[in-house]
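Q: First, the structure itself, so that you have it in front of you.
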Amino acid sequence: MTEDPGRPTPGGGFRRDGGGLEFDRVANFSDAVYAIAMTLLVFDLRVPSHLPKDASTAELLRGLTGIESGAFGFFLGFTLLGRYWVAHHRFFRALGSIDGRLVSLNLVYLAMVAFMPFPVSLLSHFEANRFSFGLFALSMASISLLEAVMFGYAARRGHIRVAVSRAALRHEMVGACAPVAVMLLSLPLAFWNTTAALASWLLMWPIGVWLSRREPADYRLLRTPPS
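If you count the sequence shown from 1, position 68 lands on 496 in our numbering, and the numbers rise without skipping.
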């Protein structure tokens, strides 16, 4: 007998089999929070409303002076949140079921995602300020840490729908925690120079390459599970 996807599993959660409504509601709500947070980033780019409608190109360009900090914040925030959305999407693809505690963890995670436009705006306007950088770094580190917490919980509770080795599960946890380490280590650097501290986040690229070369044989099943 096949299990009704709309009914709770024995563990108090909901299966995704057949596109169960309860599972889909969590995934769709998560996507909506990401979409809103990423859209709000553009609100920091302000049109110079003090100029007349018949302003010349030169006047308009002068009126746009200073917008580059907001543009930098928008593209930085959009890029980082976009990468987190991809990771969250892959995580949900790997899930076979979800329970109340995982839903709660996901809500805490989404709260940090929804909060991100504020530290991004703060950093774009006060890029040399140590507090603005610290808040931004801690917010990003919190999202990465919550990713690791959710994955670890899902793996322990048997919510992952593909059978992979412990080595593959550990590899995923290390990959989720690596950005946390980089961001936290950048905080002391911010006391010297916030630009250098932000640039240190580029270390995540070679770390990612290093990790990809050490993927267990079955790790790709976890990243791209069968439909």
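For every residue, glycine included, the Cβ atom is placed at its ideal position computed from N, Cα and C.
Which partner residues of residue 523 appear in the DSSP bridge assignment?
A: Walking along the sequence shown from the start, residue 523 turns up at place 95. Answer is 588.
Q: Please classify residue 544: does DSSP put it in a helix, a strand, or coil?
A: Numbered from its first residue, the sequence shown carries residue 544 at position 116. Residue 544: coil per DSSP, three-state reduction.
Q: Are the CB atoms of residue 510 and residue 548 nearer to each other than 7 Å?
A: Residue numbering aside, residue 510 sits at position 82 when the sequence shown is read from its first letter. Residue numbering aside, residue 548 sits at position 120 when the sequence shown is read from its first letter. Cβ distance not < 7 Å, so residue 510 and residue 548 don't count as in contact.
Q: Which one of 470, 517, 527, 463 has the shortest CA to CA distance from residue 496?
A: What you label residue 496 is simply residue 68 of the sequence shown in a count that begins at 1. If we check each option's Cα against that of residue 496, 470 comes out closest.
Q: Using C-beta distances below 8 Å, list every residue in its chain close to residue 617, excluding the 5 sequence neighbours before and after it, in chain order.
A: Counted from its first residue, the sequence shown places residue 617 at position 189. The answer, listed in chain order, is 624, 625, 628.
Q: The alpha helix (DSSP H) spanning residue 600 covers which residue range?
A: As a working mapping, residue 600 is identified with position 172 in the sequence shown. Residues 594-618.
Q: Report all residues from its chain with a CB closer than 7 Å to the CB of residue 593; omit the five preceding and five following residues, and keep chain order.
A: The count along the sequence shown starts at 1 and reaches residue 593 at position 165. Closer than 7 Å at the Cβ level, and outside the excluded window around residue 593, lie 644, 646.
Q: Can you find the residues in the same chain that come closer than 6 Å, C-beta to C-beta, to residue 466, ignoring five residues on each side of it along the sequence?
A: Within the sequence shown, numbered from 1, the residue matching residue 466 stands at position 38. So the qualifying residues of the chain are 506, 509.
Q: Taking just the CA atoms, how far does residue 486 sit from residue 575?
A: The residue you call residue 575 lines up with position 147 of the sequence shown. The residue you call residue 486 lines up with position 58 of the sequence shown. Answer to the nearest angstrom: the Cα atoms are 47 Å apart.
Q: In this structure, does DSSP put residue 635 in helix, strand or coil?
A: For the purposes of this step, residue 635 is taken as residue 207 along the sequence shown, with counting starting at 1. Residue 635 falls in the helix class under three-state DSSP.
Q: Which residue's Cα is closest to the Cα of residue 499: 553, 451, 595, 610?
A: Mapped onto the sequence shown, residue 499 falls at position 71. Residue 553 is the option with its Cα nearest to residue 499.
Q: Judging by CA-CA distance, which residue of 587, 639, 527 is the nearest neighbour of residue 607?
A: For the purposes of this step, residue 607 is taken as residue 179 along the sequence shown, with counting starting at 1. Of the candidates 587, 639, 527, the one whose C-alpha sits nearest the C-alpha of residue 607 is 639.
Q: Residue 609: which of 451, 551, 513, 565 sits nearest, CA to CA?
A: Within the sequence shown, residue 609 is the residue found at index 181, counting from 1. It is 565 whose Cα lies nearest to the Cα of residue 609.
Q: Can you have a look at residue 572 and say buried or exposed, based on whether 16 or more other CB atoms are within 10 angstroms of its CB?
A: If you number the sequence shown from 1, residue 572 lands on position 144. With 16 or more Cβ atoms within 10 Å of its Cβ, residue 572 is classed as buried.
Q: For the candidate residues 520, 641, 473, whose alpha-carbon lies nearest to that of residue 579?
A: Taking the sequence shown and counting its residues from 1, the one referred to as residue 579 is at position 151. Answer by Cα proximity: 520.
Q: Leaving aside the five residues before and after residue 541 along the sequence, list all residues of the same chain whose C-beta is less than 8 Å from its C-beta, in chain order.
A: Walking along the sequence shown from the start, residue 541 turns up at place 113. Only 461, 462, 465, 509, 512, 571 meet the Cβ criterion.
Q: Rounded to a whole number of angstroms, what is the C-alpha to C-alpha distance between residue 433 and residue 524?
A: Locating residue 433 in the sequence shown gives position 5, where the first residue counts as 1. Locating residue 524 in the sequence shown gives position 96, where the first residue counts as 1. In this prediction, residue 433 scores a pLDDT of 40, lower than 50, which makes its location untrustworthy; the coordinate-derived value is nonetheless stated afterwards. Taking the straight line from one Cα to the other gives about 11 Å.
Q: Buried or exposed: which applies to residue 545, given that a residue is buried once 16 or more other Cβ atoms fall within 10 Å of its Cβ?
A: As a first step, residue 545 is located in the sequence shown; it is residue number 117 there, counting from the start. That one is buried.
Q: CB-CB under 6 Å to residue 550, same chain, minus the five flanking residues each way: which ones, in chain order?
A: Here residue 550 is taken as the residue at index 122 of the sequence shown, counted from 1. Same-chain partners within the cutoff: 560.
Q: Under 8 Å by Cβ, that's how I've got residue 522 and residue 602 pegged, so tell me the actual separation to the nearest angstrom.
A: Against the sequence shown, residue 522 aligns to sequence position 94. Against the sequence shown, residue 602 aligns to sequence position 174. With 8 Å as the limit, residue 522 and residue 602 do not qualify as a contact, their Cβ atoms being about 16 Å apart.
Q: From residue 641 to residue 599, what does the alpha carbon distance come to, in whole angstroms?
A: Taking the first residue of the sequence shown as position 1, residue 641 is located at position 213. Taking the first residue of the sequence shown as position 1, residue 599 is located at position 171. C-alpha separation (whole angstroms): 11 Å.
Q: What did DSSP end up calling residue 556 once you bin it into helix, strand or coil?
A: One-based indexing of the sequence shown puts residue 556 at position 128. Correct three-state label for residue 556: coil.
Q: For residue 459, would you say it is in contact with chain D, using Cβ-to-Cβ distances shorter than 7 Å as the test?
A: No chain D appears in this structure, which consists of one protein chain only.
Q: Let me make sure I understand the geometry here. Which of 621, 514, 568 has the alpha-carbon closest to that of residue 458?
A: Here the question's residue 458 lines up with position 30 in the sequence shown. Nearest of 621, 514, 568 to residue 458, Cα basis: 514.
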